[in-house]
Amino acid sequence: MHQAYSTPRIARYLELLNQLKAGAGLDARAFNLSDDERVLSMTALRGEIYRMQTRRARYVLLRLDELLAKVPGATYDHKIISIEHVLPQNPKDPSKWRTDFTERFRVVV
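Read in order, the letters of the sequence shown are residues 0 to 108 in numbering that gives the first Met the number 0.
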């Protein structure tokens, strides 16, 4: 999500595989993010997600959709997934969008 170099990412993945093989399951230490990783991840999620590489943005949005739907194992036809803006990105002045959705609200949403 925050574009770590492949070598540290591969080392982390190998560490996770070894911990899982040893029976650690969901308690495997490699699942835990460091403070720096947590900050980087939250910064990426709070940023303009549609500017992420498409595959990263889709992954994040699919996981978010699954969590919000509260349906474990939600399935999708990955060939036809598209990302749509619900609200206009640049509503013109004056418009009902600007009245109903203030600048402060648009930043939060």
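We put the CB at the ideal spot given by N, CA and C, even for glycine. Bear in mind the structure is a predicted one, so any value in this text is a computation, not a measurement.
Status (buried if at least 16 other CB within 10 Å, exposed otherwise) for residue i
i   : result
M51 : buried
C-beta contact flag for residue i and residue j at 8 Å
i   : j   : result
R57 : I79 : no
L60 : I82 : yes
N- and C-terminal bounds of the alpha helix (DSSP H) containing residue i
i   : result
S40 : 34 to 45
A21 : No alpha helix (DSSP H) holds A21; DSSP gives it neither H nor E.
L63 : 53 to 68
R97 : 95 to 99
(message) Contact between the stretch 29 to 42 and the stretch 5 to 18 is defined here as three or more beta-carbon pairs at a separation below 8 Å; is this criterion met?
(response) yes
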